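The structure under discussion appears below in the form of structure tokens.
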Amino acid sequence: MNYRFLLFTAYVAWGVPILAGTICLAGYWLTRDLLYPSVGIVVLISGFFLALIGIACVAGYIFLNRESPDADRKRGRRRATIASGLLILNFPVALLYVMLGGYLGNRIYVEVINRSPQELDQIVVVSSRARLDVGSLVPGEKTFAYFNPRVEGKVGIQITAGRIVKEAEITGYAAAFGMDDSRIVITEDMGIVVQKMSR
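The numbering used here puts the first residue of the sequence shown at 1213, with every later residue one more than the last.
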């Protein structure tokens, strides 16, 4: 069949946004660099327009080959159907990537360092709707966790060492995209120091 470049263009219009979106999502998941969500928004918008261009190319491919012999026309329609299906599949994939990006963006990275002489029996990160038990921590060690507060508002930390219970506020208002990533240092006198982390 003729005009295969139209079908090739449709496949490119399908593949480029999927590849770029996957790179943005994986890059943000691994680095938490805010460049990836920004580029992801551009990829989302351009992917929509590329899908429209791809569908127009498939329609043009079918229209321009309407005079082809019957066997070629059937094979061409099958190829065009596959290309159209892939282009339409981009929309639910984009929705899934947006949902995953939102979930990753709402998580807070919390690193806890125990500089006290006592073992911390329990470390708990809490918000008004969620609670995460990080576990225990021996002196001189550190641990980390990701916490999704599930609601906008205050996020705090509670530590227990024997009969000593201490609390501190990590943030008064949980923000998205790593702005509240924090290093929590338990000092020698069992004080809690909250340090914001820049990424």
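Even for Gly, the Cβ is constructed at its ideal location relative to N, Cα and C.
Model, not experiment: these values are computed from the prediction.
Review point. Distance, Cα to Cα, Leu1343 vs Arg1362?
Key: Indexing the sequence shown from 1 puts residue 1343 at position 131. Indexing the sequence shown from 1 puts residue 1362 at position 150. Correcting the residue type first, residue 1343 is Arg in the shown sequence and not Leu. C-alpha separation (whole angstroms): 10 angstroms.
Exercise for review: Pick out whichever of Ser1280, Asn1302, Val1305 and Pro1329 has its Cα sitting closest to the Cα of Gly1352.
Suggested key: Taking the sequence shown and counting its residues from 1, one reaches residue 1352 at position 140. Gly1352 has its Cα closest to that of Pro1329, out of Ser1280, Asn1302, Val1305 and Pro1329.
Point to revise | Pro1304, buried or exposed, once every other Cβ within 10 Å from all chains shown has been counted against 16 | key: Here residue 1304 refers to the residue found at position 92 when the sequence shown is read from its first residue. So Pro1304 ends up on the exposed side.
**Study point:** Contact check, Ser1394 vs Ile1376, beta carbons under 9 angstroms
**Key:** Working through the sequence shown from its first residue, we reach residue 1394 at position 182. Working through the sequence shown from its first residue, we reach residue 1376 at position 164. Their beta carbons are not under 9 angstroms apart, which means Ser1394 does not touch Ile1376 by this criterion.
Review point. What is the rounded straight-line gap between the Cα of Ile1294 and the Cα of Leu1256?
Key: Against the sequence shown, residue 1294 aligns to sequence position 82. Against the sequence shown, residue 1256 aligns to sequence position 44. Taking the straight line from one Cα to the other gives about 22 angstroms.
Point to revise | Beta-carbon proximity check, Ile1274 vs Ala1292, cutoff 9 angstroms | key: Taking the first residue of the sequence shown as 1, we reach residue 1274 at position 62. Taking the first residue of the sequence shown as 1, we reach residue 1292 at position 80. Yes, Cβ-Cβ distance for Ile1274 and Ala1292 is below 9 angstroms.
Point to revise | Closest Cα partner of Gly1297 within the set Phe1389, Ala1271, Ala1232 and Ala1283 | key: Position 85 of the sequence shown, counted from the start, is the residue given in the question as residue 1297. The shortest Cα separation from Gly1297 among Phe1389, Ala1271, Ala1232 and Ala1283 belongs to Ala1271.
Point to revise | Short Cβ contact (9 angstroms threshold) for Val1405 with Thr1399 | key: One-based indexing of the sequence shown puts residue 1405 at position 193. One-based indexing of the sequence shown puts residue 1399 at position 187. Yes. Within cutoff.
Practice item. Tell me where the beta strand (DSSP E) around Ala1380 begins and ends. Key: As a position in the sequence shown, residue 1380 is number 168, starting the count at 1. Here the beta strand (DSSP E) through Ala1380 covers Ile1376 to Thr1383.
Exercise for review: Check each candidate in Leu1246, Ala1306 and Met1391 and name the one with the smallest Cα separation from Thr1234.
Suggested key: As a first step, residue 1234 is located in the sequence shown; it is residue number 22 there, counting from the start. The shortest C-alpha separation from Thr1234 is found at Ala1306.
Exercise for review: Spell out the partners DSSP gives Ser1339 in its beta bridges.
Suggested key: The residue labelled residue 1339 in the question sits at position 127 within the sequence shown. BP columns for Ser1339 point to Val1367.
Practice item. Examine the Cβ distances between the region 1319-1329 and the region 1277-1291 and report whether three or more of them are shorter than 8 angstroms. Key: With a cut-off of 8 angstroms on Cβ pairs, the region 1319-1329 is not in contact with the region 1277-1291, counting fewer than three such pairs.
Check your understanding: What first and last residue would you give for the beta strand (DSSP E) that runs through Ala1357?
Key -> As a working note, residue 1357 is residue 145 in the sequence shown. Following the DSSP letters along the chain, one finds Ala1357 inside the beta strand (DSSP E) bounded by residues Lys1354 to Phe1359.
Point to revise | DSSP three-state assignment for Asp1284, whether helix, strand or coil | key: Position 72 of the sequence shown, counted from the first residue, corresponds to residue 1284. If DSSP states are grouped into helix, strand and coil, Asp1284 belongs with the helices.
Practice item. From the DSSP output, in three-state form, read off Gly1347 for me. Key: Within the sequence shown, numbered from 1, the residue matching residue 1347 stands at position 135. Looking at Gly1347 - three-state DSSP - the assignment turns out to be strand.
Exercise for review: Inspect the beta-carbon positions of Ala1268 and Ser1339 and report whether they are closer than 9 angstroms.
Suggested key: Start at 1 with the first residue of the sequence shown, and residue 1268 comes out as number 56. Start at 1 with the first residue of the sequence shown, and residue 1339 comes out as number 127. Not in contact: Ala1268 and Ser1339 (Cβ atoms no closer than 9 angstroms).
Check your understanding: Could you give the C-beta distance for Ala1373 and Asp1333, rounded to a whole number, given that I count them as a contact under 8 angstroms?
Key -> Taking the sequence shown and counting its residues from 1, one reaches residue 1373 at position 161. Taking the sequence shown and counting its residues from 1, one reaches residue 1333 at position 121. At roughly 6 angstroms, the Cβ-Cβ gap stays under 8 angstroms, so Ala1373 and Asp1333 are in contact.
Check your understanding: Considering only the beta carbon of each residue, do Leu1299 and Ala1222 sit closer than 9 angstroms?
Key -> The sequence position of residue 1299 within the sequence shown is 87, counting from 1. The sequence position of residue 1222 within the sequence shown is 10, counting from 1. Result yes, Cβ atoms of Leu1299 and Ala1222 sit closer than 9 angstroms.
Review point. What do you reckon, are the CB atoms on Leu1247 and Gly1259 nearer than 9 angstroms?
Key: In the sequence shown, counting from the first residue as 1, residue 1247 sits at position 35. In the sequence shown, counting from the first residue as 1, residue 1259 sits at position 47. No, they are not a contact pair.
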